[in-house]
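In my numbering, the protein residues as written are 58 to 643.
Yeah, the Cβ is synthetic: ideal placement off N, Cα and C, and Gly gets one too.
Predicted model, so just to flag it, every value in this text is computed and none were measured.
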RNA sequence: GGGCCCUUAGCUCAGUGGAUAGAGCAACCGCCUUCUAAGCGGUCGGCCACAGGUUCAAAUCCUGUAGGGCCCGCCA
């Protein structure tokens with residue numbers, strides 16, 4: 058909504074510049090930005106300073122000449138010139154009221170879908186078969202889901218892909234080990250749970266690292282599997298199914314949808330990847346391995362670094378799989394934008410793989426490839442997040458703990474306030490708040506930096522947390538219950554009239570949703586949406602504190618009800634794009 | 001040796017060219033006969049790591065330095 062206001066102001070300023078200084082300046086950018094302080098109005102045009110040298114005049118004089126030609130009276134109060142030559146613009150109340158009215162009648166809250174919808178692939182989560190999901194998967198899963206949700210809302214055709222680690226040497230050792238110690242686990246399904254599997258995996262890994270004979274047998278098992286032996290194949294299938302069921306439990310809890318397309322999917326395509334690299338002349342043999350030498354990457358001796366696409370033992374590795382995936386995603390899926398959500402440590406790998414794909418001519422110019430990196434999850438000591446005994450934290454345990462703590466907080470509050478609530482209510486609120494807190498804590502940080510994980514901070518009842526935002530939403534629902542208000546039926550003549558400064562602040566913020574979503578769409582930074590929603594909640598709480606709603610006289614009462622309704626709808630939509638569900642009461 | 005990222009208030013972090021750098025937490029002081037005080041207001045707190053450069057304008061862009069993290073040939 059405010060995007061259109063900016064566009065109109067931009068055009069008007071450009072016209073004024075031309076009127077003042079002639080057609081030579083037709084393409085001048087008015088440098089129109091939001092102000093950082095309400096006392097300077099809503100927007101400021103900074104163009105006068107930038108033109109000073111070119112026009113050989115003082116910025117303030119230039120600003121005056123522009124303002125003399127500027128006609129924005131239908132949108133703004135009279136422009137003011139301040140400081141060295143800023144042109145300050147303040148939107149009129151009537152114009153804001155008009156915009157708010159439009160937003161309220163629009164199920165998309167004034168956010169227009171993209172005019173150039175794309176086919177987008179979001180590659181995220183990607184746990185490994187036969188291993189538990191742990192904190193390391195948390196960020197990819199949560200950030201990827203949110204980015205996918207925003208892009209879907211913006212009208213793009215999004216394919217959410219789970220590139221699970223379901224292939225490779227680990228299956229050789231796992232199958233070999235299980236044949237010896239627990240054969241029933243790989244002959245029929247449902248015999249062992251993932252916890253057992255993880256233990257077996259650990260044992261297998263240890264044997265693989267220390268026992269040469271075992272290592273050899275495991276290698277043979279890999280070959281067997283790759284050759285399609287029915288028995289090995291079945292074992293592999295069972296292991297995958299078992300893990301898949303466990304992953305699904307986590308995804309269900311997190312309310313995340315994702316399509317599995319694991320590494321094994323690309324298996325049949327790998328030989329052609331190498332073959333085509335050879336045909337393109339990029340492939341070289343080095344120390345028995347098939348490699349492509351990279352441009353701009355050097356090893357310790359200063360020689361070009363190779364990307365290995367076929368190991369000396371003839372096997373393929375993750376680089377090969379990723380190359381096959383890039384090719385499949387551009388050529389079969391016809392993706393316009395491919396987004397990888399992985400930790401920052403893989404930045405080199407992706408740059409390298411993409412370089413090779415590009416040099417091989419597999420990626421059209423029009424396709425945007427983007428690695429969305431994120432930092433490590435650290436404990437409160439700043440070190441890698443571990444349990445007290447030094448183990449990796451299982452995602453399941455992490456979520457359980459968040460919900461448990463959220464439940465304890467809630468029960469204490471109920472006791473203090475002498476409230477009686479059903480077990481069902483307690484369970485639902487604890488789960489939504491706990492899971493929401495985990496998600497919000499992660500999403501609200503700039504993802505590129507490391508992230509210090511703290512239950513206490515994420516579940517804090519005040520500050521930039523999920524509970525704070527959820528509470529703002531609940532407050533609106535409280536008004537609706539108390540006043541028996543149907544927000545969808547406020548009457549034909551319902552109008553917004555802005556009076557108090559908190560009403561103006563809230564109204565202007567509400568109208569910025571479209572800009573924020575456009576930013577997230579291009580920058581892929583969900584923390585901007587978090588920041589927006591947090592500020593919205595703050596502005597709502599300020600309004601709530603200053604302006605009584607139900608006790609107000611008409612037409613103020615209806616106007617304020619509309620502001621409440623818009624706030625709630627915006628919070629609900631925004632939170633849903635973060636993958637967080639709201640509550641009616643808490 | 002090479003590459004990527006980070007360094008902003010006591011703590012956790014926003015802020016990728018515009019006015020006196022912002023939140024939250026922590027500390028201290030106020031505000032519930034009134035829609036859930038899980039709230040609101042206020043006080044305190046910063047050579048934006050350092051040094052140069054570009055610009056009318058730099059926390060923001062460029063170069064260099066220091067400190068921290070991560071990655072770098074057959075794991076993913």
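Pick from 522, 640, 249, 466: whose alpha carbon is nearest that of residue 500?
Along the first chain, read from residue 1 onward, the residue named residue 500 stands at position 443. Checking every option, the nearest Cα to that of residue 500 belongs to 522.
Rank 192, 559, 215, 643 by C-alpha distance to the C-alpha of residue 390 and give the top, closest one.
Position 333 of the first chain holds residue 390. The candidate whose alpha carbon is nearest that of residue 390 is 215.
For residue 139, which residues from the same chain have a beta carbon less than 7 Å from its beta carbon, with the 5 sequence-adjacent residues on both sides left out?
Mapped onto the first chain, residue 139 falls at position 82. Exclusion of the five residues before and after residue 139 leaves 97, 145 as the residues of its chain whose Cβ lies within less than 7 Å of its Cβ.
By DSSP, does residue 606 sit in helix, in strand, or in coil?
As a first step, residue 606 must be located in the first chain, where it is residue number 549. Note: residue 606 maps to coil in three-state DSSP.
Chain-order list of residues whose beta-carbon lies under 6 Å from that of residue 363 (same chain, five-residue window excluded)
Taking the first residue of the first chain as 1, we reach residue 363 at position 306. Closer than 6 Å at the Cβ level, and outside the excluded window around residue 363, lie 343, 348, 350.
Going by the beta-carbon positions, is the gap between residue 254 and residue 187 smaller than 8 Å?
Residue mapping note: residue 254 aligns to position 197 of the first chain, counting from 1. Residue mapping note: residue 187 aligns to position 130 of the first chain, counting from 1. Closer than 8 Å, so yes.
Tell me which same chain residues have a C-beta within less than 8 Å of the C-beta of residue 320, skipping the five on either side of it?
The sequence position of residue 320 within the first chain is 263, counting from 1. Once the five neighbours on either side are set aside, the close Cβ partners of residue 320 are 220, 221, 222, 223, 224, 225, 375, 378.
Within its chain, find whatever has a CB closer than 6 Å to the CB of residue 297; leave out the 5 residues flanking it on each side and keep chain order.
For the purposes of this step, residue 297 is taken as residue 240 along the first chain, with counting starting at 1. Result list for residue 297: 186, 223, in chain order.
Beta carbon of residue 383, beta carbon of residue 414: below 8 Å?
Residue numbering aside, residue 383 sits at position 326 when the first chain is read from its first letter. Residue numbering aside, residue 414 sits at position 357 when the first chain is read from its first letter. Their beta carbons are under 8 Å apart, which means residue 383 touches residue 414 by this criterion.
Under 8 Å between C-beta atoms of residue 127 and residue 82
Here residue 127 refers to the residue found at position 70 when the first chain is read from its first residue. Here residue 82 refers to the residue found at position 25 when the first chain is read from its first residue. Against a cut-off of 8 Å, the Cβ pair of residue 82 and residue 127 comes out as no contact.
Going along the chain, which residues of its own chain have a beta-carbon closer than 8 Å to the beta-carbon of residue 65, five neighbours each way excluded?
Position 8 of the first chain, counted from the start, is the residue given in the question as residue 65. Excluding sequence neighbours, residue 65 sits near 129, 132.
Assigned exposure category for residue 164 - 16 Cβ within 10 Å defines buried
Here residue 164 is taken as the residue at index 107 of the first chain, counted from 1. Exposed, because fewer than 16 other Cβ atoms sit within 10 Å of the Cβ of residue 164.
Would you check if the stretch 155 to 171 and the stretch 277 to 293 touch, i.e. whether three or more CB-CB distances between them fall below 8 Å?
Counting Cβ pairs under 8 Å, fewer than three are found: no touch.
Whole angstroms is fine: what's the gap from residue 637's alpha carbon to residue 341's?
In the first chain, the residue the question calls residue 637 occupies position 580. In the first chain, the residue the question calls residue 341 occupies position 284. If I take the Cα positions, the gap works out to 49 Å.
Give the straight-line distance between the Cα atoms of residue 505 and residue 118, rounded to the nearest whole angstrom.
Along the first chain, read from residue 1 onward, the residue named residue 505 stands at position 448. Along the first chain, read from residue 1 onward, the residue named residue 118 stands at position 61. Spanning the two alpha carbons is a distance of roughly 44 Å.
By the DSSP assignment, the beta strand (DSSP E) with residue 353 in it spans what residues?
Reading the first chain from its first residue, position 296 is the one you call residue 353. Taken as a continuous stretch (DSSP letters only), the beta strand (DSSP E) holding residue 353 covers 346 to 355.
Around the Cβ of residue 511, are there at least 16 other Cβ atoms within 10 angstroms (buried) or fewer (exposed)?
Position 454 of the first chain, counted from the first residue, corresponds to residue 511. Flag for residue 511 reads exposed.
Can you give me the Cβ contacts of residue 206 inside the same chain, cut-off strictly under 8 Å, excluding the 5 residues immediately before and after it?
Here residue 206 is taken as the residue at index 149 of the first chain, counted from 1. For residue 206, where only same-chain residues beyond five positions count, the Cβ hits under 8 Å are 633, 634, 635, 636.
Within the same chain, show all residues whose beta-carbon is closer than 6 Å to that of residue 419, passing over the 5 residues directly before and after it, in chain order.
Against the first chain, residue 419 aligns to sequence position 362. In the same chain as residue 419, and ignoring 5 residues on each side of it, the C-beta atoms closer than 6 Å to its own belong to 384, in chain order.
Integer Cβ distance of residue 333 from residue 417, believed to fall under 8 Å:
For the purposes of this step, residue 333 is taken as the residue at position 276 of the first chain. For the purposes of this step, residue 417 is taken as the residue at position 360 of the first chain. At roughly 7 Å, the Cβ-Cβ gap stays under 8 Å, so residue 333 and residue 417 are in contact.
Using DSSP with H/G/I as helix, E/B as strand and the rest coil, what is residue 535?
For the purposes of this step, residue 535 is taken as residue 478 along the first chain, with counting starting at 1. In the structure shown, residue 535 sits in a helix (DSSP, three-state: H, G or I).
Please report the straight-line C-alpha distance between residue 263 and residue 271, rounded to a whole angstrom.
Taking the first chain and counting its residues from 1, the one referred to as residue 263 is at position 206. Taking the first chain and counting its residues from 1, the one referred to as residue 271 is at position 214. Approximately 10 Å between the Cα atoms of the pair.
Could you check if residue 238 is buried or exposed, using at least 16 other CB atoms within 10 Å of its CB as the buried criterion?
What you label residue 238 is simply residue 181 of the first chain in a count that begins at 1. Exposed.
Provide the residue span of the alpha helix (DSSP H) that contains residue 343, from first to last.
Taking the first residue of the first chain as position 1, residue 343 is located at position 286. Unbroken run through residue 343 is the beta strand (DSSP E), 340 to 343; no alpha helix (DSSP H).
Let me know the secondary structure DSSP gives residue 133 once reduced to three states.
As a working mapping, residue 133 is identified with position 76 in the first chain. DSSP places residue 133 in strand when its eight states are reduced to three.
Between the C-alpha atoms of residue 369 and residue 316, what's the straight-line distance to the nearest angstrom?
In the first chain, counting from the first residue as 1, residue 369 sits at position 312. In the first chain, counting from the first residue as 1, residue 316 sits at position 259. Cα-Cα distance, rounded: 33 Å.
Using 8 Å as the threshold, is the C-beta distance between residue 87 and residue 104 below it?
What you label residue 87 is simply residue 30 of the first chain in a count that begins at 1. What you label residue 104 is simply residue 47 of the first chain in a count that begins at 1. Yes, they are a contact pair.
Beta-carbon proximity of residue 169 to residue 251, cut-off 8 Å:
The count along the first chain starts at 1 and reaches residue 169 at position 112. The count along the first chain starts at 1 and reaches residue 251 at position 194. It is not a contact, given that the beta carbons lie outside the stated cut-off.
Under 8 Å, do residue 586 and residue 577 count as touching if we go by C-beta distance?
By 1-based counting over the first chain, the position of residue 586 is 529. By 1-based counting over the first chain, the position of residue 577 is 520. For residue 586 and residue 577, yes; Cβs fall inside 8 Å.
Residues near residue 175 in its chain [Cβ-Cβ closer than 6 Å; skip 5 each side]
Translated into positions along the first chain, residue 175 becomes position 118. These residues qualify, in order along the chain: 213, 393, 394.
Distance CB(residue 556)-CB(residue 607) smaller than 8 Å:
Along the first chain, read from residue 1 onward, the residue named residue 556 stands at position 499. Along the first chain, read from residue 1 onward, the residue named residue 607 stands at position 550. The answer is no: Cβ separation not under 8 Å.
Can you check which of these residues, 561, 458, 442, 265, is closest to residue 493 by C-alpha distance?
To locate residue 493, count along the first chain from 1; it is residue 436. Nearest option by C-alpha distance: 458.
Counting Cβ pairs, one atom from each stretch, are 3 or more of them under 8 Å apart for the stretch 515 to 533 and the stretch 578 to 597?
yes
Measure the alpha-carbon distance for residue 435 versus residue 199 and round it to whole angstroms.
Here residue 435 refers to the residue found at position 378 when the first chain is read from its first residue. Here residue 199 refers to the residue found at position 142 when the first chain is read from its first residue. One alpha carbon belongs to residue 435, the other to residue 199, and they sit about 16 Å apart.
Can you check DSSP and say which residues form a bridge with residue 307?
Residue 307 sits at position 250 when you count from the first residue of the first chain. For residue 307, which the question treats as bridged, DSSP gives no partner whatsoever.
Within 10 angstroms of its Cβ, does residue 172 collect 16 or more other Cβ (buried), or is it exposed?
Within the first chain, residue 172 is the residue found at index 115, counting from 1. The residue is exposed, with fewer than 16 neighbouring Cβ atoms inside 10 Å.
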